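Student: Quick note on full-length UniProt numbering: the sequence shown kicks off at 1 and runs consecutively. One structure, as structure tokens, below. Some questions next.
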Amino acid sequence: MKFTPFLASGAAAMLIVPGSSANEPQAPISLDHGEASTFWDKLAPAADAIESAIDDSVDFLTSGFETVKETVGELQEEFQTQLNDAVQAVDDHHHHHPPKHDTRDHTIYELISKSNYTKKFAKIVDEHPDVVKLLNSTHASHNLTLFVPIDEAFEHIPDDHEKPSKEFVEALLQYHVGIGEYRAKRILGTDTIPTAYDEEWLGGEPQRLRVGLGLGGVNLNFYSRVVAVDIGAKNGVIHGVRSILVPPPMIGRILTLFPGEFSTLLLAYEKTEFVKFIHGVKMVGSTVFAPSNRAFSSLGPRVNAFLFNTETGLKYLKALLKYHIVANVTLYTDAVYDKTDDKAKEQSREHFDLKTLLGGAHIGVDKATFAGFTVIKVNGFANVVRRDAPGKNGVIHVLDKVLIPPRKHGEESLFEEIFEELTVEDLMERLGDFVEDDESPNELEL
């Protein structure tokens, strides 16, 4: 995927804009040119590389459940083989011919300090006493999981990069530390992992790592492949990764990186001047259900022409955009951060009823697990086709359909919702109660 001139539009680079405090107005995402965003651009792989990894994951999941189960079994066997090789990375300087080591005699910090494959990461850790203390601690209530970049990962850092602040580097180091002990078998059944990096934009909750399975094996945040696993330590476990894990930037920044997937959504934000609305919304964390380009296409040419090319339609388009955003609730596949006064209505671990930015309109999120894989539907008919993309200020779930509020009095059937073509008249009827001539975000009840 290549960048296009569309990204030059300032308004297109705007979206969710929670601030550092729930009591202060938020800033537009277009102003997010801070240190984290700058170094994410430099250290994270290019957008086309991430897209390729995503495609690998899709190919993997659509190859059939039996094939997937076989591949998972192969991965587990490979993990055990890699473990035997990885343990040899622990050097004993007191023996000419070092004996076999039990790595569980050492802390995570001691192991990466002695390994010949993690010298660069360990050197950076040494400059941050709090991180050293964390990786040495054996008295914590939970063991830790370190996803340590091998030395090869640092070869991709540009020579001319500016030296980041100590605060940013410490956050980056913390983002490599998972809270809890996640060995290979547990990782294969995990969607996201909480880290030692507490994100202010999430209300001080742990920023999370996304776990994915692709043709190349296990990856984190779509792009960092796990290359060595299950190196046991006194206070947890170590896995080697091929790329540096950079704390994610703002959600709006992420969306602009993938115009091939989200150019229609970005155009919708631009044409409705959505940033003027979102600028006044106060939120701590968020969940964005992002319709793909294909999702917008499925609305049909007449509905799209009405939404994007008429003055009246833009008001309805703006209402639709609000309906895809949940403020103050960050819902991952396997975790939820709820910062609302009235907690998100959770009928069970498989169903959530969430209030959107569209007045009092709610959406229903349902999760089902089959053969170890989770399927998520929104409002009973829209499929989440990419899930748990972490952002600094929330999480993104990609949809294959645009969400439309249900008809009044609940008269539609699921069959009609899925297969009937939406008309402009039907769209206007469903959204009519939410469309106003003079809207103010301060009138919203969040």
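Cβ coordinates follow ideal geometry from the N, Cα and C atoms, glycine included. It should be emphasised that the depicted structure is a prediction, and the values quoted were computed from it without experimental measurement.
Span of the alpha helix (DSSP H) holding residue 109?
Tutor: 108–114 is the extent of the alpha helix (DSSP H) around residue 109.
Student: Just the C-alpha distance for residue 272 and residue 108, rounded to the nearest angstrom, thanks.
Tutor: Each residue's alpha carbon lies about 51 Å from the other.
Student: Helix, strand or coil: which one does DSSP assign to residue 268?
Tutor: The answer is helix: DSSP assigns residue 268 an H, G or I state.
Student: How is residue 96 classed by DSSP in three states: helix, strand or coil?
Tutor: Here residue 96 scores only 45 on pLDDT, less than 50, and its place in the model should not be relied on; the value that follows carries that caveat. Coil, per DSSP.
Student: Tell me whether residue 228 is buried or exposed, calling it buried when 16 or more other Cβ atoms sit within 10 Å of its Cβ.
Tutor: Result: buried.
Student: Which of the three DSSP states, helix, strand or coil, is assigned to residue 128?
Tutor: The answer is coil: DSSP assigns residue 128 none of H, G, I, E or B.
Student: Going along the chain, which residues of its own chain have a beta-carbon closer than 6 Å to the beta-carbon of residue 199, five neighbours each way excluded?
Tutor: Hits under 6 Å: 207.
Student: Starting from residue 383, trace the alpha helix (DSSP H) both ways and give me its first and last residue.
Tutor: Not the alpha helix (DSSP H): residue 383 falls in the beta strand (DSSP E), residues 382–391.
Student: Let's see if you can read the secondary structure: which residues bound the alpha helix (DSSP H) around residue 313?
Tutor: Taken as a continuous stretch (DSSP letters only), the alpha helix (DSSP H) holding residue 313 covers 311–323.
Student: In chain order, what are the residue ranges of uninterrupted alpha helix (DSSP H) at least 4 long that sit wholly in the segment 136–205?
Tutor: Correct list: 166–174 and 184–188.
Student: State the DSSP-derived secondary structure class of residue 430, mapped to helix, strand or coil.
Tutor: In the structure shown, residue 430 sits in a helix (DSSP, three-state: H, G or I).
Student: Which same chain residues, not among the five before or five after residue 203, have their C-beta less than 7 Å away from its C-beta?
Tutor: These residues qualify, in order along the chain: 284, 285, 337 and 339.
Student: Tell whether a beta-carbon distance below 9 Å holds between residue 185 and residue 128.
Tutor: Contact flag unset, no.
Student: Take every Cβ of the segment 246–253, pair it with every Cβ of the segment 291–302, and state whether three or more of those distances are shorter than 8 Å.
Tutor: Touching, no, given that fewer than three Cβ pairs across the two stretches are closer than 8 Å.
Student: Name the two residues that bound the continuous alpha helix (DSSP H) containing residue 293.
Tutor: Start and end: 293–297.
Student: What is the rounded straight-line gap between the Cα of residue 215 and the Cα of residue 349?
Tutor: Spanning the two alpha carbons is a distance of roughly 30 Å.
Student: For residue 371, does the count of other Cβ atoms within 10 angstroms reach 16, so buried, or fall short, so exposed?
Tutor: Exposed is the call here.
Student: Counting only the same chain and skipping the five closest in sequence on each side, list residues whose C-beta sits under 8 Å from that of residue 254.
Tutor: Correct list, in chain order: 248, 389, 391 and 396.
Student: Between the Cα of residue 179 and those of 156, 147, 408 and 425, spot the shortest distance and give me the residue it belongs to.
Tutor: It is 147.
Student: Beta-carbon within less than 7 Å of residue 137's beta-carbon, same chain only, minus the 5 sequence neighbours each way: which residues are those?
Tutor: These residues qualify, in order along the chain: 235.
Student: Since I believe residue 378 is in contact with residue 500 (beta carbons under 8 Å), could you give me their beta-carbon distance rounded to a whole number of angstroms?
Tutor: With the chain covering 1 to 446 only, the question about residue 500 has no answer from this structure.
Student: Leaving aside the five residues before and after residue 169 along the sequence, list all residues of the same chain whose C-beta is less than 8 Å from its C-beta, in chain order.
Tutor: Answer for residue 169: 124, 127 and 128, listed in chain order.
Student: Are the beta-carbon atoms of residue 232 and residue 220 separated by less than 9 Å?
Tutor: Not closer than 9 Å, so no.
Student: Quick check on residue 368: buried or exposed, where buried means 16 or more other Cβ atoms within 10 Å of its Cβ?
Tutor: Classification of residue 368: exposed, given that the 10 Å Cβ count is below 16.
Student: Would you identify the three-state DSSP class for residue 340, choosing helix, strand or coil?
Tutor: Coil, per DSSP.
Student: From this set, 282, 242, 291 and 237, which residue's C-alpha is nearest residue 261's C-alpha?
Tutor: Ranking 282, 242, 291 and 237 by Cα distance to residue 261 puts 291 first.
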